[in-house]
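Below: the structure, in structure tokens.
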Amino acid sequence: MPHGNVEYMNPANALTGVRLPEIYNNHFSQVQRSGRVTLSSLHKLLEKGDPSPQNIEKILGIVVPNGASYVTRPEFNTALALLACAQNKMEVSLSSLYKHKHSLPEPILIVNQSGKRDPDKRTAPPVVSPLDIAPKNTANGNGSSYPGMSKPTDTKPKMDSRNWFQNLEEVKVTIAPERAGFIFKHVNYIVESQKRSSIVLRRYSDFWWLMEVLLRRYPFRMLPNLPPKKLGGRDAAFLEKRRKGLSSGRQIPYGTICKLPPPHSLAKYQSSNLNQELVAWRKQNPPSLDEEYRRKKHSVEEMLNITPKNLDEQLQKTKNRMKAAAEHYVNFCFIMERMIRRMHGQATDFTRYSIALNSLSEAEHRYHASDCSSCQQVVKGYESVAKYMQRESNVLDSQVNTTADGVLENLKRFRDLLVSFRELDNRKEKLAVNQAEALSKRIANNRAKMNQHKGVPGLETEVARLEEAVQADENELRDQQCRQVFIRYCMWSELTYLHKQQAFVSSLYRDYVQDMVKFSKQRAENWAQLEIPVSVMPVEHDMFD
52 MPHGNVEYMN
62 PANALTGVRL
72 PEIYNNHFSQ
82 VQRSGRVTLS
92 SLHKLLEKGD
102 PSPQNIEKIL
112 GIVVPNGASY
122 VTRPEFNTAL
132 ALLACAQNKM
142 EVSLSSLYKH
152 KHSLPEPILI
162 VNQSGKRDPD
172 KRTAPPVVSP
182 LDIAPKNTAN
192 GNGSSYPGMS
202 KPTDTKPKMD
212 SRNWFQNLEE
222 VKVTIAPERA
232 GFIFKHVNYI
242 VESQKRSSIV
252 LRRYSDFWWL
262 MEVLLRRYPF
272 RMLPNLPPKK
282 LGGRDAAFLE
292 KRRKGLSSGR
302 QIPYGTICKL
312 PPPHSLAKYQ
322 SSNLNQELVA
332 WRKQNPPSLD
342 EEYRRKKHSV
352 EEMLNITPKN
362 LDEQLQKTKN
372 RMKAAAEHYV
382 NFCFIMERMI
392 RRMHGQATDF
402 TRYSIALNSL
412 SEAEHRYHAS
422 DCSSCQQVVK
432 GYESVAKYMQ
442 RESNVLDSQV
452 NTTADGVLEN
462 LKRFRDLLVS
472 FRELDNRKEK
482 LAVNQAEALS
492 KRIANNRAKM
502 NQHKGVPGLE
512 TEVARLEEAV
522 QADENELRDQ
532 QCRQVFIRYC
542 MWSELTYLHK
552 QQAFVSSLYR
562 DYVQDMVKFS
572 KQRAENWAQL
582 EIPVSVMPVE
592 HDMFD
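Heads up: the sequence shown runs through residues 52 to 596, numbered per my numbering.
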């Protein structure tokens, strides 16, 4: 923007180069969602500065693009700066901002500290233990089973899953406020572990490295899918989706990524230091890439007793129905997102109507209503309707946030769980191959040769070589057979885990219904309270003289 040329100014660049107070960042972090602020939230925040309805309408008319229901961070900052101008009896315009850009007053807002919303409060609720929800038996005994799971008919020992949902370490992932890098800017993520009392900065590539390590160490376990890497055009909405995607797998062994000592100050922990220390840590503490079977000792007999004999049949049933189930959940997420957009649009329209009605009320007071007492009552009715319409918008806005962070994220989480199991099955088909049949044939052939050569003078060395080969092949055969038992045990345990997550689905809908009941009551109470103010508005023609 050329210096001194106000014609090129717009709400997005009006404060370019201006060092703003920390209060701007604080208020933006409280009301932002996916890097943007809804019109309803912005209106609610501006009201805390106690400007006139006409000034609120003027500010929104300047910073909100035509037909938009969101404002970006630069537009949000411009709105707060214009509010400060209104509070200090200055002209509310972009030219006024340009004139006072280096001596802008600080906006004064009365914020209810107890009413702050934690943006990550409902992003990914903890895993629901199946022990907390007792499944009800149906007539056929399979009402609570997941596709592919059959009710056991024998008395074989069951898998002990009581500790699966205990001692889970949750890691909070948030986006660092500033991008790092000297030439090519990149986004850092703040990874926080309360259990370890550590806070570190990580790049997307660090999560990718961790996932590659986990795939090598746990090839026969379900692992969460990382959000895709996008080159160019990374807007705030995409970054927020990626953050949620990184957070969705925060209950797997993400502690690995938090083992670096926390820096004394995140602000001083620059990108170069971050990369150098992390690379050095990886070199000093290289994780073992051996798969789980190689790193631990396993009781083959115990795994055989736990794994059902019809596991292949159950896995095939699950595989056949997994594709349809995943497609259904993709559709569920799409429909829920569309419902959320409609609710958000409705909240925005209520806010716009409230602003316009308040502006009309102020104009009527100024030019007309003082001459007629009944007109004054009508104008008071305007103010009441505008007030309760804004409350309706606030309730809808809260409902949008709760639904987006609650049921929508939970649906996506279960969808990803189904996809993870499908990918696990694909990995198993590729990695579970063995040479047991070839080894058995080779052992039989070598034994036959060994028996033929025994007692033949001059073939003692050949017999000894064949004995060593048979011994080595038998050891390899036993190892591969044990590995197959372990793989089957892993698949059964993952199938059991998937089955038990039906409790999570029950909790998902239970919480969703409770939230909808709560917001429905709030909306009904809001309109019921408006009945009294509008009931006293004059409706008889004779009352207007």
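Note that CB positions come from ideal geometry on N, CA and C, so glycine has one too.
The beta strand (DSSP E) spanning S244 covers which residue range?
Counting along the chain, the beta strand (DSSP E) containing S244 begins and ends at N239 to S244.
Beta-carbon contacts of L355 that lie in its chain and below 7 Å, excluding the five residues immediately before and after
Contacts found: V536.
I need the straight-line Cα distance from M594 to Q138, nearest angstrom please.
Roughly 39 Å separates the two Cα atoms.
N526 to L468, Cα distance in whole Å?
For N526 and L468, the distance between alpha carbons rounds to 37 Å.
Of the listed residues C384, E488 and L517, nearest to A499 (C-alpha basis)
Residue L517 is the option with its Cα nearest to A499.
Please work out which residues of its chain come closer than 7 Å, Cβ to Cβ, to F572, disregarding the five sequence neighbours upstream and downstream, and give them in chain order.
In the sequence as displayed, the identity of residue 572 is Lys instead of Phe. There are no such residues.
Per DSSP, Y121 is paired with what?
According to DSSP, Y121 bridges with T89.
For the alpha helix (DSSP H) containing R293, list its first residue and its last residue.
Taken as a continuous stretch (DSSP letters only), the alpha helix (DSSP H) holding R293 covers A287 to S298.
Using only CA atoms, which one of N276, R393, R534 and E352 lies nearest to F472?
Answer by Cα proximity: N276.
Kindly provide the ranges of any alpha helix (DSSP H) runs that are 4 or more residues long and lie completely inside the region 435-507, ordered along the chain.
If we require 4 residues or more, the alpha helix (DSSP H) runs fully inside the region 435-507 come out as 460-482 and 487-504.
Inter-residue Cα distance where the pair is L145 and P72:
So the alpha carbons of these two residues sit roughly 19 Å apart.
Name, in chain order, the residues that DSSP records as bridge partners for K223.
Per DSSP, E243.
Please look up how many angstroms separate the CB atoms of V242 and R253, rounded, as I've assumed it's under 8 Å.
Your pair V242 and R253 checks out as a contact, with CB atoms roughly 5 Å apart and the cut at 8 Å.
Can you tell me whether L90 is buried or exposed? The criterion is at least 16 other CB atoms within 10 Å of its CB, across all chains shown.
With 16 or more other Cβ atoms inside 10 Å of its own Cβ, L90 counts as buried.
Limits of the unbroken beta strand (DSSP E) element including R253:
That run of the beta strand (DSSP E) goes S249 to R254.
Indicate whether the contact test is met: 3 or more Cβ pairs, each with one atom in the region 430-442 and one in the region 389-405, closer than 8 Å.
Touching, yes, given that three or more Cβ pairs across the two stretches are closer than 8 Å.
Does the distance from the CB of V436 to the CB of L581 come in under 8 Å?
Yes, the Cβ-Cβ distance between V436 and L581 is below 8 Å.
Are the CB atoms of R87 and A376 nearer to each other than 8 Å?
In this structure, A376 does not lie closer than 8 Å to R87 by Cβ.
Taking 8 Å as the threshold (C-beta atoms), are A63 and T123 in contact?
In this structure, A63 lies closer than 8 Å to T123 by Cβ.
Can you tell me which residues form a DSSP beta bridge with R372?
Answer is none; R372 lacks a bridge partner.
Check the DSSP bridge columns for R84 and list the partner residues they point to.
According to DSSP, residue pairing for R84 in a beta bridge involves R87.
Anyone know if the C-beta pair for V446 and I391 falls short of 8 Å?
Not a contact, by the Cβ cut-off of 8 Å.
In angstroms, rounded to a whole number, what distance separates the CA positions of E413 and P104?
Each residue's alpha carbon lies about 7 Å from the other.
Q428 and V587 - do their beta-carbons sit closer together than 8 Å?
Taking 8 Å as the cut-off, the beta carbon of V587 is found closer than this to the beta carbon of Q428.
Going straight from the alpha carbon of C423 to that of L411, what length do you get?
Counting only the Cα atoms, L411 lies some 16 Å from C423.
Do T369 and L482 have their beta-carbon atoms positioned less than 8 Å apart in this structure?
Their beta carbons are not under 8 Å apart, which means L482 does not touch T369 by this criterion.
Relative to the C-alpha of M542, which candidate in S449, Q335, A227 and Y269 has its C-alpha closest?
When only C-alpha atoms are compared, the closest one is Y269.
Give every residue of the same chain whose Cβ lies closer than 6 Å to the Cβ of P359, excluding the five residues on either side of it in the sequence, and list them in chain order.
Closer than 6 Å at the Cβ level, and outside the excluded window around P359, lies no residue.
Which two residues bound the contiguous alpha helix (DSSP H) that contains N577?
Where N577 is concerned, the enclosing alpha helix (DSSP H) stretches over Q553 to S586.
Could you check the C-alpha separation between Y344 and D530 for me, to the nearest Å?
One C-alpha to the other measures close to 10 Å.
Residues in its own chain within less than 8 Å of T225 by CB, not counting five upstream and five downstream?
Correct list, in chain order: D171, Y240, I241, E243 and R294.
Residues near H504 in its chain [Cβ-Cβ closer than 8 Å; skip 5 each side]:
Excluding the 5 residues flanking it on each side, H504 has same chain C-beta neighbours closer than 8 Å at L510, E513, V514 and L517, in chain order.
Shortest alpha-carbon distance to L462 belongs to which of N409, K479, V381 and R393?
Distance check between L462 and each of N409, K479, V381 and R393 places V381 closest, using alpha-carbon atoms only.
Can you give me the C-alpha to C-alpha distance between L155 and L148, rounded to a whole angstrom?
So the two alpha carbons sit approximately 8 Å from each other.
Close Cβ partners of A119 (< 8 Å) along its chain, the five nearest in sequence each way excluded
Same-chain partners within the cutoff: L90.
From E591 to S425, what does the alpha carbon distance come to, in whole angstroms?
Distance between the alpha carbons of E591 and S425 is about 10 Å.
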